[in-house]
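Note sheet for the following structure.
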Amino acid sequence: MVSRLLLAARLKGTLNPNQCGSLPRLSTYDAVLTLFNDVKTLQRPCLKVSPLFLDIKAGFKKVDNSTLARILREGRIPRYLVSWVSSFLGEQSCTLVFQGAPGTPAPVNVRAPQGSPISALLFLLYVSPLHFKVPRGLMISYVDDFALTAASPSYMGNIHRLQKLFEKLEAKAIRIGVSFSVAKTELIDWRTPSQRNSPRSLSPIQIKGQLFQPRDSLRWLVYWFTPAVDSSAHFSH
Numbered sequence: 001m002v003s004r005l006l007l008a009a010r011l012k013g014t015l016n017p018n019q020c021g022s023l024p025r026l027s028t029y030d031a032v033l034t035l036f037n038d039v040k041t042l043q044r045p046c047l048k049v050s051p052l053f054l055d056i057k058a059g060f061k062k063v064d065n066s067t068l069a070r071i072l073r074e075g076r077i078p079r080y081l082v083s084w085v086s087s088f089l090g091e092q093s094c095t096l097v098f099q100g101a102p103g104t105p106a107p108v109n110v111r112a113p114q115g116s117p118i119s120a121l122l123f124l125l126y127v128s129p130l131h132f133k134v135p136r137g138l139m140i141s142y143v144d145d146f147a148l149t150a151a152s153p154s155y156m157g158n159i160h161r162l163q164k165l166f167e168k169l170e171a172k173a174i175r176i177g178v179s180f181s182v183a184k185t186e187l188i189d190w191r192t193p194s195q196r197n198s199p200r201s202l203s204p205i206q207i208k209g210q211l212f213q214p215r216d217s218l219r220w221l222v223y224w225f226t227p228a229v230d231s232s233a234h235f236s237h
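This is the structure in structure tokens:
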């Protein structure tokens with residue numbers, strides 16, 4: 001069923017091209033390489049580039065059966081696959097197995113159960129509506145980890161752009177019942193050698209009432225990043 005659903009989603013374009021993780025030939029390295037390539041492209045016209053890293057809170061537990069069915073129908077996924085997914089998520093039970101247990105199944109609601117071969121794909125399909133085209137920027141995700149990148153003539157301008165882009169992303173997230181973890185939010189300003197002496201923005205980005213200043217280094221998808229956008233920080237760690 002994973003193979004059939006994945007094939008249908010790719011043929012119909014239900015998955016966004018910038019979604020990575022739990023998909024064949026789309027590893028953490030592919031996500032990071034795509035991000036680096038787009039950053040270098042954005043920097044060529046002498047633009048300043050800043051990414052905001054976000055993480056969906058308790059993602060698999062937020063997959064709502066009826067909402068996912070609507071997303072699949074709108075994505076023109078074949079009806080029999082939509083029915084199978086609805087049955088898989090809606091007719092779950094648990095039986096306790098130990099000496100003296102009654103052995104009777106009890107209904108449970110665990111949404112997309114972690115550990116199931118199909119749960120990661122269902123989650124990717126569930127959050128596919130969060131993706132949107134970013135003018136002079138990029139949105140890329142790896143399962144529940146999102147990177148929202150903005151470019152402008154100044155780092156201050158990036159903060160304003162990222163603030164508006166996050167508000168748009170959050171509005172989409174609310175519509176499908178997911179939210180982003182404030183504790184895992186991070187910001188960095190990427191700089192070319194000619195931009196390293198440029199003044200930093202003194203205005204932090206505000207996410208859900210908390211302020212985030214650009215970091216000197218951070219880790220995303222087990223890779224370490226610094227403003228220089230090179231691999232030395234990762235290998236030194």
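Residues 1 to 237 in our numbering are what the sequence shown lists, from first letter to last.
From the three backbone atoms N, C-alpha and C, an ideal C-beta is built for every residue, glycine too.
Since this is a predicted model, take the numbers as computed values, not measurements.
Item: Spatial distance of Thr95 from Pro113 (CA atoms); Value: 15 Å
Item: DSSP beta-bridge partners of Gln210; Value: Ile207
Item: Beta-carbon spacing of Arg136, Ser152 below 8 Å; Value: yes
Item: Nearest residue (CA-CA) to Thr14, options Ser86, Val182, Thr34, Leu130; Value: Leu130
Item: Minimum C-alpha distance to Asp189 - residue among Leu125, Pro51, Lys133, Ala171; Value: Pro51
Item: Inter-residue Cα distance where the pair is Val127 and Gly100; Value: 42 Å
Item: Contacting residues, own chain, Cβ-Cβ under 6 Å from Pro204 (five flanking each side not counted); Value: Leu211, Phe212, Gln213
Item: Coarse secondary structure for Glu167, derived from DSSP in three states; Value: helix
Item: Secondary structure of Pro51, DSSP reduced to three states; Value: strand
Item: Exposure label - Thr149; buried when at least 16 CB within 10 Å; Value: buried
Item: Nearest neighbour of Arg172, chosen from Ser194, Thr67, Ser27 [CA to CA]; Value: It is Lys, not Arg, that sits at residue 172 in the sequence shown. Nearest C-alpha to Lys172: Thr67.
Item: The beta strand (DSSP E) enclosing Ser83, as first and last residue numbers; Value: Counting along the chain, Ser83 falls outside any beta strand (DSSP E), though it belongs to the alpha helix (DSSP H) covering 79-90.
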